[in-house]
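If you number the sequence shown the way the working numbering does, the last residue is 133 and the count never jumps.
Take a look at the structure set out below.
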Amino acid sequence: DGQFHSVDSSDMAFKQAAMLGMREGMPECKPVLLEPVLQVSVSVPCDFTSKVQRLVSGRRGQILGFDAKPGWKGWDEVMARIPQTEMHDLIIDLRSATLGVGTFEWSFDHLQELSGKVADGVIADRAATFKG
Numbered sequence: 002d003g004q005f006h007s008v009d010s011s012d013m014a015f016k017q018a019a020m021l022g023m024r025e026g027m028p029e030c031k032p033v034l035l036e037p038v039l040q041v042s043v044s045v046p047c048d049f050t051s052k053v054q055r056l057v058s059g060r061r062g063q064i065l066g067f068d069a070k071p072g073w074k075g076w077d078e079v080m081a082r083i084p085q086t087e088m089h090d091l092i093i094d095l096r097s098a099t100l101g102v103g104t105f106e107w108s109f110d111h112l113q114e115l116s117g118k119v120a121d122g123v124i125a126d127r128a129a130t131f132k133g
């Protein structure tokens, strides 16, 4: 009836009711996993542009294009979209691939649905957390 009763209105009772409601309701909602995707601009000497493109692709990134960096003779600017989870240690790999001179800037771009093996891995990790 939605009212407080001292007999059955404990914190634990509300937590159990919420958990049961979520467990029953979530499958009917057809939930999806979303991941943040970043707009990334990588600045590198022209000699390293192809290495950076491979680096971005290896991180599930999408190359949007590249062009000469304005005001920086001999440098390119590579524009890409990369999932935020793939940005971990990017600076280390970028500096390794460019003899220590490559840099990047990023900003949030959008959320996209996560699917395939990556989504399966997230779901499995989450299920293991609840069991353990």
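Built from N, CA and C at the ideal position, the CB exists for glycine as well.
Member of the options whose CA lies at the smallest distance from the CA of residue i
| i | options | result |
| --- | --- | --- |
| P71 | T104, G59, T50 and S44 | S44 |
| R60 | K31, C47 and D90 | D90 |
| K74 | M27, D48, T86 and V53 | D48 |
| F131 | M13, A18, R24 and A14 | R24 |
| S42 | L95, G122 and G117 | L95 |
| D110 | M13, A18 and L35 | L35 |
| M88 | I64, V57, A69 and V102 | V57 |
| T86 | V79, G101 and A120 | A120 |
Residue i - DSSP class collapsed to helix/strand/coil
| i | result |
| --- | --- |
| S116 | coil |
| S42 | strand |
| T104 | strand |
| D126 | helix |
| P84 | strand |
| G26 | helix |
Assigned exposure category for residue i - 16 Cβ within 10 Å defines buried
| i | result |
| --- | --- |
| L140 | Outside the displayed range of the chain (2 to 133) lies residue 140, so it cannot be described from this structure. |
| G122 | exposed |
| D12 | exposed |
| G103 | buried |
Contact set for residue i: own chain, Cβ-Cβ below 6 Å, skip 5 residues either direction
| i | result |
| --- | --- |
| G62 | A81 and I83 |
| V33 | E114 |
| W107 | L39 and V41 |
Through-space distance from residue j to residue i, alpha-carbon basis
| i | j | result |
| --- | --- | --- |
| Q40 | F15 | 42 Å |
| A98 | S116 | 29 Å |
| A135 | K118 | Because the chain here runs from 2 to 133, residue 135 falls outside it and cannot be looked at. |
| T50 | I93 | 16 Å |
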